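Under the working numbering, the first residue of the sequence shown is numbered 42, with each subsequent residue one higher. A short write-up of the structure that comes next.
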Amino acid sequence: MYEDPHDKTALGLWGRIACAWAVAFAVLHFYWALGGSWGLSVSAGPLAEERPGWFVVVGLWGVGLLCLAGGVLGWLLARPWPHGPAGRVVKALGWCACAVLLIRGIAVEVMLLTDAAGSGIDVSPEQRLWTLLLWNPWFLVGGLVFGLAARRSRTHG
Numbered sequence: 042m043y044e045d046p047h048d049k050t051a052l053g054l055w056g057r058i059a060c061a062w063a064v065a066f067a068v069l070h071f072y073w074a075l076g077g078s079w080g081l082s083v084s085a086g087p088l089a090e091e092r093p094g095w096f097v098v099v100g101l102w103g104v105g106l107l108c109l110a111g112g113v114l115g116w117l118l119a120r121p122w123p124h125g126p127a128g129r130v131v132k133a134l135g136w137c138a139c140a141v142l143l144i145r146g147i148a149v150e151v152m153l154l155t156d157a158a159g160s161g162i163d164v165s166p167e168q169r170l171w172t173l174l175l176w177n178p179w180f181l182v183g184g185l186v187f188g189l190a191a192r193r194s195r196t197h198g
């Protein structure tokens, strides 16, 4: 498929999608941190009910802030960078985000499908189903989007 290098609408598209993906996930975590519960019980199980302080601070606010940083990274990947260290760092961070998200999605999917954790963890059938069908694919999509954004990021000069 040929893409016109001068087509401004195509340039940075994957970076903008990565930014939107990360911001959407941040909004969901902030909603949960502020007391919202939709979807939390099927992803966090008993932690959603108990809401210990460390979970709210690290698992909800902290992850939400990390997702916002991912949004900034997606936005940076969508922009042209001059040749040099800054452009290489942004691209490397994009590849790191890709790897972390893919590893997380694949590892948890495999663990749930093979019951690798055994009886060591208590995962309800509802949690297993939602994790297999919604949460892990969400991480896989994020990983693929950041990978495409890193691959398509460009330098000039």
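Heads up, the beta-carbon is just placed ideally off N, CA and C, and yes, glycines get one too. Just so we're clear, the structure is a prediction, and the values are computed from it rather than from any experiment.
Query                                                                                                                                                             : Result
Taking all protein chains shown into account, decide if G198 is buried (16 or more other Cβ within 10 angstroms of its Cβ) or exposed.                            : Here the model assigns G198 a pLDDT of 47, short of 50, so the residue's position is not dependable, and the following value carries that caveat. Burial call: exposed.
Go through its chain and collect everything with a Cβ distance to G188's Cβ below 6 Å, but skip five positions before and after it.                               : C139
Run through DSSP, which three-state label would P178 get?                                                                                                         : helix
With L118 and S194 assumed to form a contact (beta carbons below 8 Å), what rounded beta-carbon distance in angstroms separates them?                             : 5 Å
Taking only three categories from DSSP, how would you classify M42?                                                                                               : Any reading at M42 must be qualified, since the residue scores a pLDDT of 47, below 50, and its modelled position is unreliable; the value itself is stated next. Here M42 sits in coil by DSSP.
For the putative contact between E90 and S82, defined by C-beta atoms under 8 Å, what is the C-beta separation to the nearest angstrom?                           : 7 Å
For V113, which residues from the same chain have a beta carbon less than 6 Å from its beta carbon, with the 5 sequence-adjacent residues on both sides left out? : none
Would the segment 179-186 count as touching the segment 130-150 if we require 3 or more Cβ pairs under 8 Å?                                                       : yes
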